[in-house]
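For reference, the structure discussed in these notes is given below.
Chains as they are written, first to last, in my numbering: chain C, 4 to 339; chain F, 44 to 553; chain D, -19 to 334.
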């Protein structure tokens, strides 16, 4: 009995996911089609990639408010290089990623070298990157060449849409890194206890700095995905996306206090779940004004269930010390 | 065995903000020998070990490892040089598995990825050597404090350190685990490793160590073969004067009236059917091993944790379940085992801590505002009564006080009003001899003044020294109650280990 | 000999600098220094018109930031304040507006039962007016209560809870108003935003709220408990602090302050705006953090929030005067906040070393 309960609780995120999927499916049978599922994942790619980067930062107990502006600034650089200088889109995209990396490095510098709190440091680069982007675009909307905007529609091997492949690669790389490398495991350690990490001889600064650089690069990559889908970038590109990315990571089980969270299945599920709710609401043709309200309510429920779940698990795992409880030894599974 | 020292410190000194923490200290470590390092809190033991462990450099003097100058640039350098450090404050990451904690600074790898199989193999090996059979992928957060301490020890053993520093390793170990640890230290000696053993438990030091260094105020007051010292001489060198005895004379007289009564308290899996009475003016000792449910029981009585059935009354007034405020209002007080996390507000001064519990009583009846001056006055009074050493009651953060003084603050906040029933969970853990004596005095005075005092401890000697009755617990049950006249170390131990040859079991204590 | 004197004067100068850096009033000094440095370039700064403008921007923001301070001290964060601004603004404006254009509002959900062609149901009476204000405040307290209960009773992370309520109530405001501004507010209400040069109604309200909050936090039992919960909730609970109630109350105060801010803004703009405050979040939290309030709880003062708000308002104001093109404003703003944050770090180190 307890084992079943524990199983259900441990997989609560996945179960909520299925429940939401089924409900939307019942409300609108078209939603269940393979094609619509594909669209959901394609649309989730952009926030998903950023949320993967955000997961790294959250693991260290930090936060990155600058991701939306990083998207905008790197997109502006890309547009400038490709449209005004006539550089090839591939080189342009590489530079675009480098810009993301640089903003991440700026965050890292402010946080690990100067010693600012992440909230303020990334707030500063949020303002700076938005300003720098505006400086390039003069806030005029930018269009991108077709060679870039059609990337989105390419099907690799004829079946896998490009964004899904990209998303899968990012998730794979990130989760292997976090789960199976020394650096990845050390990130969990310093996220749990930075002081303890230092005592154990870990290079806390380098590890923390790395997460912001990864997050910056992921933001630029997410920006490219979004450009390919939208084809056009205006002055509000990326505004508020930092919250979407944080929401996706937290829905996937990441803690804002550090040390807890996974990219797979966590953040992947979180990102797809948010997109699924959005698409589901569109499919069921609910009043446009009501959609964000329902969306918020569902996320609220998901977070609520998660909180109840963790306190329940704690209770279930309370050690039995009386003699009657000898048989009840907990079973273990190792995941990050 | 060759007798050249493996490690030497010559004239090492260190000052913090102009205050000398270490002054001209010389020590030598030899292969296969255990050096005991004792002294009161603040005597410089930790500072010395931190210098050796590479946490910070010394200001003066030199260190030699294998005859070569040794000046570590960080903890990692010290580890690489073969110095293993078992901290008093655990250095584990509870969100990671045991195996991951073992190798956190240097994972076994296969290519760029970590080699889980090798990690599991080596972890299981070391754990077995320590007599533990946890799966290597068990998360540390699932372990009890004593078990975590053993993992910490295992971690240092896994790195083949030549010099191993144990800083108060037994504070959270059960008697059985402690015994295991001592056997292990014996093995390490035989392997030719040099060991530094820091402890407040002088009996252990006497039993275990070959050499002894005693520190006071940053300098060495005595050193030599351990056999030349008896406990009394150790204490005298530590505190610089003789104390008459370890326990103050008992002046309290248990009355007939009941201060705190627990009836049939049960919570499945934790405690079953506990009943006990605490008399006014009585000191009741609760003895049990780590994991006997004693701490959990105290938390339920006070209302920190919930329980399924049973009743608690203070002075015949029932206490609501799971409601500390109610317990406080009805005259109960509780000093928890975990003083760092639960005892006080670390970054706040003494005033805010002492005022916290009874802040309501400092409210001006008309303005409804807190009378800060009265709180400060009361804090000064209590700090004086408890002999708390402080620089400022309203500026100095409590975390900058020494362990003993911190404990007195954690205790002092309950003494604004005289509590009817006071529960103390491990009140002397990790504090030095002098401070211990003072805490015993406070307990004695409180009981003499009519309060019922319940003291939980894993040091039986301490309970035998101060308690009027001792309750032995095992696995969530009360096994037997001993009155002061019939205190017998062996019998109490047997009860706590539940070695019942005579089948005697007492379900309730009254 | 002369070298020694030189050394001495340098030490005196250093001590002076150290005292400024370690002072509680540091952010205020910083703001003053900033203004003095810029004065030669923007003479208009000291004109009555501009000072009035600065102050009228300060008051509502101050009230909101003061509310946020309570939540930050208990170790939480309240992102939903911005949505309370919009939500309360729309509800209040709808209740008391004196007339509405049917061609704009006839499709909105409130039409027919709360609002009609001749305005809101509480328009045209004093009692209705007072009730409407109470309802606006109630809106803020309701959102705060929802946040507080979620955080305290269900142990949900404050960041997520308030992020969700931010999304939700911003959307509710848009839904209620159908994305339109609600105009035609009665004169009595607009009076609440009135100003005569430097003196204004919002000034009295904001100063009143700030002083009250200061007394509540520093001198009352509740204030002590707020700090205690912020530092260590478990130690507080064992010491008999009603931790849940304190957390819920802190969020309610935050919502209430946002609602007061909403009243001030709505009165000043003379309309209910469904997008009111949408871009203010970073100013509110940023002002607190620049002022020195810690995001990890247990550390902060109302006075610090006041200085932080002043810094942010003056920064925005001067940037408008610097003759910068709109696309460089953000760059300069970022650099200035960077400078302030760096000085703050330096200051923290000095305080620790002495």
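Each residue gets a CB set at the ideal place from its N, CA and C atoms; glycine is no exception.
### Query
Which bits of chain F does residue 195/C rub up against, with CB to CB less than 9 Å?
Residue numbering aside, residue 195/C sits at position 192 when the first chain is read from its first letter. Proximity of chain F to residue 195/C at the Cβ level (cut-off 9 Å) is accounted for by 136, 137, 138 and 139, in chain order.
### Message
Between which two residues does the alpha helix (DSSP H) holding residue 290/F run?
### Response
Walking along the second chain from the start, residue 290/F turns up at place 247. If you look at residue 290/F, you'll find it isn't in any alpha helix (DSSP H); DSSP assigns it neither H nor E.
### Query
Residues of chain D with a CB under 7 Å from the CB of residue 310/C: which are they?
Residue numbering aside, residue 310/C sits at position 307 when the first chain is read from its first letter. Per Cβ cutoff of 7 Å: 134, 135 and 136.
### Query
If you compare alpha carbons, which of 16/D, 228/D, 185/D and 157/D is closest to residue 38/D?
Counting from 1 along the third chain, the entry for residue 38/D is found at position 58. Looking from the CA of residue 38/D, the closest CA among 16/D, 228/D, 185/D and 157/D belongs to 185/D.
### Query
Which ranges does the alpha helix (DSSP H) cover as unbroken runs of at least 4 residues, wholly within the segment 173 to 215 of chain C, from first to last along the chain?
Every unbroken stretch of the alpha helix (DSSP H) spanning 4 or more residues and falling wholly within the segment 173 to 215 of chain C is given here in chain order: 185 to 195 and 197 to 202.
### Task
With 8 Å as the threshold, decide whether the Cβ of residue 367/F is near any Cβ in chain C.
As a first step, residue 367/F is located in the second chain; it is residue number 324 there, counting from the start. Taking 8 Å as the threshold, the shortest C-beta distance from residue 367/F to chain C does not fall below it.
### Query
Grouping DSSP H, G and I as helix and E and B as strand, with all else coil, what is residue 304/F?
Position 261 of the second chain, counting from 1, holds the residue named residue 304/F. In the structure shown, residue 304/F sits in a strand (DSSP, three-state: E or B).
### CB contact below 8 Å: residue 220/D versus chain F
Here residue 220/D is taken as the residue at index 240 of the third chain, counted from 1. Yes, contact with chain F.
### Message
Spatial neighbours of residue 473/F within its chain, please: C-beta separation below 6 Å, excluding the five flanking residues on both sides.
### Response
Your numbering for residue 473/F matches position 430 in the second chain. Same-chain partners within the cutoff: 214 and 446.
### Task
Determine the DSSP secondary structure at residue 329/F, reduced to helix, strand or coil.
Position 286 of the second chain, counting from 1, holds the residue named residue 329/F. Of the three classes helix, strand and coil, the one that applies to residue 329/F here is strand, per DSSP.
### Message
Does the contact criterion of 3 or more C-beta pairs under 8 Å hold for the segment 156 to 170 of chain D versus the segment 305 to 315 of chain C?
### Response
No, they do not touch.
### Amino acids of chain D, ordered along the chain, whose beta-carbon sits closer than 9 Å to that of residue 406/F
Along the second chain, one-based indexing puts residue 406/F at 363. 200 and 201, listed in chain order.
### Message
Mapping the DSSP letters down to three states, classify residue 103/D as helix, strand or coil.
### Response
Along the third chain, one-based indexing puts residue 103/D at 123. Coil.
### Message
Let me make sure I understand the geometry here. Which of -8/D, 262/D, 316/D and 314/D has the alpha-carbon closest to that of residue 41/D?
### Response
Counting from 1 along the third chain, the entry for residue 41/D is found at position 61. If you compare the alpha carbons of -8/D, 262/D, 316/D and 314/D with that of residue 41/D, the shortest gap goes to 262/D.
### Query
Between residue 113/C and residue 204/D, what straight-line distance do the alpha-carbon atoms span, to the nearest angstrom?
Looking up residue 113/C in the first chain gives position 110. Looking up residue 204/D in the third chain gives position 224. So the two alpha carbons sit approximately 34 Å from each other.
### For residue 367/F, the nearest candidate out of 297/D, 221/D, 225/D and 298/D (CA to CA)
Looking up residue 367/F in the second chain gives position 324. The shortest CA-to-CA distance from residue 367/F to any of 297/D, 221/D, 225/D and 298/D is the one to 221/D.
### Message
Ignoring anything shorter than 4 residues, give me the alpha helix (DSSP H) runs that lie fully in the segment 104 to 158 of chain F, in order along the chain.
### Response
Segments of the alpha helix (DSSP H) lying fully in the segment 104 to 158 of chain F: 118 to 123 and 141 to 145.
### Query
Whose C-beta lies closer than 8 Å to the C-beta of residue 549/F among residues of the same chain, with five residues either side of it excluded?
Here residue 549/F refers to the residue found at position 506 of the second chain. Its pLDDT being 38, under 50, residue 549/F is placed unreliably by the model, and the measurement read from it follows with that caveat. The answer, listed in chain order, is 521, 522, 523 and 524.
### Task
Output, in sequence order along the chain, the residues in the segment 132 to 161 of chain C whose CB is closer than 9 Å to any CB in chain D.
Taking 9 Å as the Cβ-Cβ cut-off against chain D, the residues of the segment 132 to 161 of chain C that qualify are 132, 133, 134, 135, 136, 137, 138, 139, 140, 141 and 142.
### Query
Does the Cβ of residue 496/F lie closer than 7 Å to at least one heavy atom of the ligand FMN?
Among the ligands in the structure shown, none appear at all, so the ligand FMN cannot be discussed.
### Task
Closer than 6 Å by C-beta to residue 223/D: which residues in its own chain qualify, once you throw out the five before and the five after it? Chain order, please.
Here residue 223/D refers to the residue found at position 243 of the third chain. Its chain contains 209, 213, 216 and 217 as the residues whose beta carbon lies nearer than 6 Å to that of residue 223/D, once the 5 sequence neighbours on both sides are disregarded; these appear in chain order.
### Query
In its own chain, which residues sit with a C-beta less than 6 Å from the C-beta of residue 271/D, not counting the 5 before and 5 after it?
For this step, residue 271/D is matched to residue 291 along the third chain. Excluding sequence neighbours, residue 271/D sits near 7, 284, 285, 287 and 288.
#### Entry: Stretch-stretch touch, CB-based, cutoff 8 Å, three pairs: the segment 491 to 506 of chain F with the segment 463 to 472 of chain F
With the rule of 3 Cβ pairs closer than 8 Å, the segment 491 to 506 of chain F counts as touching the segment 463 to 472 of chain F.
### Query
Per DSSP, residue 162/D is paired with what?
Reading the third chain from its first residue, position 182 is the one you call residue 162/D. Answer is 252/D, bridged to residue 162/D.
### Query
Who are the near neighbours of residue 401/F in its chain, counting only those whose CB is closer than 7 Å to its CB and skipping five residues on each side?
Within the second chain, the letter at position 358 stands for residue 401/F. Excluding sequence neighbours, residue 401/F sits near 459 and 460.
### Message
Run through the DSSP bridge pairs and tell me what residue 322/F is partnered with.
### Response
Taking the first residue of the second chain as 1, we reach residue 322/F at position 279. According to DSSP, which records beta bridges pairwise, residue 322/F is partnered with 301/F.
### As assigned by DSSP and simplified to three states, the class of residue 548/F
Along the second chain, one-based indexing puts residue 548/F at 505. Low local confidence applies: a pLDDT of 41 at residue 548/F is under 50, so the model's placement there is unreliable, with the coordinate-based value given in what follows. Note: residue 548/F maps to coil in three-state DSSP.
### Message
Quick check on residue 257/C: does DSSP put it in helix, strand or coil?
### Response
Position 254 of the first chain, counted from the first residue, corresponds to residue 257/C. Looking at residue 257/C - three-state DSSP - the assignment turns out to be coil, as it is neither helix nor strand.
### Query
alpha helix (DSSP H) containing residue 107/C: first to last residue?
Stepping through the first chain from its first residue, residue 107/C is reached at position 104. Where residue 107/C is concerned, the enclosing alpha helix (DSSP H) stretches over 92 to 111.
### Presumed contact (8 Å Cβ cut-off) between residue 211/C and residue 56/C, rounded CB distance
What you label residue 211/C is simply residue 208 of the first chain in a count that begins at 1. What you label residue 56/C is simply residue 53 of the first chain in a count that begins at 1. Between residue 56/C and residue 211/C the Cβ distance is about 14 Å, and since that is not below 8 Å, they are no contact.
### Query
Taking the beta strand (DSSP E) that residue 488/F falls in, what are its first and last residues?
Mapped onto the second chain, residue 488/F falls at position 445. Where residue 488/F is concerned, there is no enclosing beta strand (DSSP E), although the alpha helix (DSSP H) around it starts and stops at 476 to 491.
### Message
Checking 8 Å against the spacing of the C-beta atoms, do residue 194/F and residue 144/F come in under that value?
### Response
By 1-based counting over the second chain, the position of residue 194/F is 151. By 1-based counting over the second chain, the position of residue 144/F is 101. For residue 194/F and residue 144/F, yes; Cβs fall inside 8 Å.
### Query
Checking contacts by CB at 8 Å: is residue 205/C closer than that to chain F?
Position 202 of the first chain, counted from the start, is the residue given in the question as residue 205/C. The beta carbon of residue 205/C falls within 8 Å of a beta carbon belonging to chain F, placing the residue at that interface.
### Query
What separation, rounded to the nearest whole angstrom, lies between the Cα atoms of residue 551/F and residue 318/F?
Taking the second chain and counting its residues from 1, one reaches residue 551/F at position 508. Taking the second chain and counting its residues from 1, one reaches residue 318/F at position 275. Caution is warranted here: a pLDDT of 35 is assigned to residue 551/F, below 50, making its placement in the model unreliable, and no coordinate value can be reported.
### First through last residue of the beta strand (DSSP E) which encompasses residue 356/F
Locating residue 356/F in the second chain gives position 313, counting from the first residue. Taken as a continuous stretch (DSSP letters only), the beta strand (DSSP E) holding residue 356/F covers 352 to 357.
### Query
Rounded to whole angstroms, how far is the Cβ of residue 245/C from the Cβ of residue 70/C, which I believe are closer than 8 Å?
Within the first chain, numbered from 1, the residue matching residue 245/C stands at position 242. Within the first chain, numbered from 1, the residue matching residue 70/C stands at position 67. Contact between residue 245/C and residue 70/C holds: CB atoms are separated by about 5 Å, below the 8 Å threshold.
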